[in-house]
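Heads up: the first sequence runs through residues 864 to 1456, numbered per our numbering.
Heads up: the structure comes next, in structure tokens.
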Amino acid sequence: MYFLNQISETISNAVYSLFGDEAIAKPLVIEQTKKVFVGDFTLVVFPLLKFSKKKPEETADLIGDYLVNNSSNFSSFNVVKGFLNIQLSHSYWGELINNWCIDESFGIAKKESGRLYMVEYSSPNTNKPLHLGHLRNIFLGDSVANILKANGHKVVKTQIINDRGIHICKSMVAWLKFANDESPESNQLKGDHLVGKYYVEFDKAYKEEIQVLVNEGLDVEKAKLEAPIFKSAQDMLLKWEKGDVEVRALWSKMNNWVYSGFEKTYNKMGVEFDKLYYESDTYSLGKLVVESGLDSGTFYQKEDKSIWCDLSKDKMDDKLLLRSDGTSVYMTQDIGTAVQRYEDYPGLSGIVYTVGNEQNHHFKVLFKLLSKLDYSWSDECYHLSYGMVELPEGKMKSREGTVVDADDLMDAVINEAKLLTNERGHLEGLSEDEIESLCTKIGLSGLKYYLLKVDPKRKMMFDPKESIDLNGHTGPFIQYGYARIKSLLNKKKSTKDFIVKDVEFKSQELELIKSISIFPEIIRQSSQELSPAILANYLFSLVKAYNSFYQSCPILKEEDENIVEFRLKVSDLTSRIIKKGMFILGIKVPERM
RNA sequence: GGUUGCGUAGCUCAGCUGGAUAGAGCACCUGCCUUCUAAGCAGGCGGUCCCAGGUUCGAAUCCUGGCGCAAUCACCA
């Protein structure tokens, strides 16, 4: 049994014996003892006073006495006001460490849960390259998938690619008009960047045309609709929907440019997907589902033929599902996609949608619609909503060119890692390939950790200077801790069958052990909250505890062989947790740096 | 205007299923490398936890009301 449960059960038994079953009707409040007090665990006794009918101090004393007298796991206790601070015996800690060390998968679920979850993330449009906002999304989703796996679930990593619609047509129109057949091959530009370039070109030309029309006396709204280039885009969308061969060919060609560009970006990130969905495939299923919802009376039709869902009972505005011309909207596609997914994976236990909080309302409505359509799984859909990434100078706006490009950012962060690592003289004796590999690990860890350490649901500030920092609360700090342990273990390995016993731990050793002890709980909690930030912050505190231990407890110099073995063992265990934990965050750790 | 989320040190963030003297990192200041990697460690400075009420033995945490910021409420995606 997980030892925290074991401890709380023992304490619970003590309370039961002393004060009866009513006293344990509510869960006991047991927490790790705050640093300023002496002890390992603290029982808050205030809630027990009405059962003990004694003062807080006396109540705590009674329980403390009982524990120490009835279990060798507890060595001593002290009472401060209504707080019972309990210390575990060092021999019990030693026993625990032995167990953790021989457990290859310490902290990770031993048994499969039998559940299969789908995690959706990234889900870009195919008209422009990925940017900083996508990075938070992708790192989050990828890590959440790993967290679910670490808790014994099976996971399908997926994305819905928004490969159709008016915005895609804009790039296509602009390319036809301005590109002179420019292709990724002809000018060595990544495909997604090339297509993005023409999306911007479209916008530029569009604005100019609007201005011309306005100068001719049209009002702005009208001009937006009348601009020739906009009309061509609309025209192209109609042709696309009708399956026009030439338009489809161009669409296909440009989308493939984008996909190969994305591919490179995902490779660099170290991210991959198990299953891809394309809106061009799922929107028509969405239409069918909406139409059958109309037949069954779930939805209603207005005079102009548009189809709606009445949400007044749910205190929301009615939602449009098919336009009067019969074309689909975003919501239609999302309904189709969800239905398709449950058809593809009948055993699915749930879908996690990693999508920004700007779409909170959209998903609330989507899940409500699925429920109205009587899909039993509608309440298994979960919107993992995360906050926007903001820059020191404000929000990213594509129109104002303040968007931070994902490829540029990764390159910058890796280059910076090279500079800083070189400054420290840590690149000596490495080949070009090794330097590349090491600095990629370091740079990306800085970036990923920076984006993951903040609670997903909060908006966050992205400061470029901080994101490439190697000191303090950063990915490289954790990597460095790992590399130091590895360097140590290369000099002397712990003996496999050594058993820790009769070791009196120094305070730094005990702090480290305590930090290690909660790793399984952290893995569980990260999954419950779908929050890599919990794990990220934990790993930082673990490494801090280790560094403090490392500083104050010499290992190779220590004479007592028993202590040396213990310290090597606990170092090895720490390194395994760091590696595993960072892996779950999607971050690689270098063996040396 | 309605709905939802957020407001903690100069800055970026933890802590929030109520618990003790609210914690980290950055920045600034002091020490520590002939000793296992100083990308480190030890310490200092720094707080009306937005405001006002309420519940409670106990509130940064829960409730109500303000103030401020953000998102959203599209025949956009």
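Note that beta-carbon positions come from the ideal geometry of N, C-alpha and C, so glycine has one too.
Predicted model, so just to flag it, every value in this text is computed and none were measured.
For N1220, the three-state secondary structure derived from DSSP is helix. Taking a 10 Å sphere around the C-beta of A1280, we find 16 or more other C-beta atoms and assign the residue as buried. It is roughly 14 Å from the alpha-carbon of E1166 to the alpha-carbon of L1184. Membership of L1088 in the alpha helix (DSSP H) is indicated by the continuous run V1083 to E1089. Under DSSP, T1021 takes part in a beta bridge, and its partners are E983 and K1138. With a cutoff of 8 Å on beta-carbon distance, T1128 and G1199 are scored as not near each other.
The segment 1226–1239 and the segment 985–998 do not touch, with fewer than 3 CB-CB distances between them shorter than 8 Å. For E975, the secondary structure class from DSSP, reduced to helix, strand or coil, is coil.
Runs of the alpha helix (DSSP H) lying entirely within the segment 1127–1183, each at least 4 residues long, are 1142–1158 in chain order.
S1308 is classed as buried because its beta carbon has at least 16 other beta carbons within 10 Å across all chains shown.
Between the beta-carbon of F937 and that of I949 there is about 6 Å, and that keeps the pair under the 8 Å contact cut.
In the three-state reduction of the DSSP assignment, N990 falls in the coil class. Closest by C-alpha distance to S915, out of K898, Y879 and E894, is Y879.
A Cβ-Cβ distance of about 6 Å is found for the pair L1139 and I1024, placing them in contact under the 8 Å criterion.
If you ignore the 5 residues before and after D1207, its C-beta comes within less than 8 Å of the C-beta of K1138, all in its own chain and listed in chain order. Pairing D1188 with Q1196, the inter-Cα distance amounts to about 16 Å. Scanning R1439, E1372, N1078 and Y1401 for the CA closest to the CA of S1415 turns up E1372.
Within its own chain, the residues whose Cβ lies closer than 7 Å to the Cβ of R1321, once the five positions on either side in sequence are excluded, are G1250, listed in chain order. Residue F1429 holds the alpha-carbon nearest to the alpha-carbon of C964 among E1392, F1429, N1000 and Y1238.
Contact annotation: the segment 1011–1021 does not touch the segment 1286–1296, with fewer than three C-beta pairs closer than 8 Å.
By the Cβ-count criterion, T1021 is buried, with 16 or more other Cβ atoms from all chains shown falling within 10 Å of its own Cβ. Per DSSP, F946 lies in no alpha helix (DSSP H) segment; the continuous beta strand (DSSP E) that holds it begins and ends at F946 to L951. Nearest C-alpha to I1001 among L1315, Q1388, I1397 and L1405: L1315. Minimum Cα-Cα distance from Y1245 among the listed residues I1092, Q1391 and Y1343 corresponds to Q1391.
Listed in chain order, the non-local C-beta contacts of F1361 below 7 Å within the same chain comprise E1428 and K1432, local neighbours out to five positions each way being set aside. According to DSSP, C1244 shares a beta bridge with I1214. Going by beta carbons, A1090 and I1073 fall inside the 8 Å limit.
Here G1344 carries a helix assignment [DSSP, helix/strand/coil]. When C-alpha distances from Y1069 are compared across K1053, D1082 and K1087, the shortest belongs to K1087. About 6 Å separates the Cβ atoms of I870 and F904, confirming a contact at the 8 Å cut-off.
Closest by C-alpha distance to D1365, out of D1005, H953 and I1450, is H953. Under DSSP, E1253 takes part in a beta bridge, and its partners are M1324. Residue state for T873 is assigned as helix, using DSSP reduced to three classes.
In this structure, S1438 lies away from K1311, with their beta-carbon atoms at least 8 Å apart. Excluding five sequence positions before and after N1223, the CB atoms of its chain that fall closer than 8 Å to its own CB belong to H1246 and S1248, given in chain order. A distance below 8 Å between beta-carbons, with the five flanking residues on each side excluded, links F882 to the following residues of its chain, in chain order: L911, F914 and S915.
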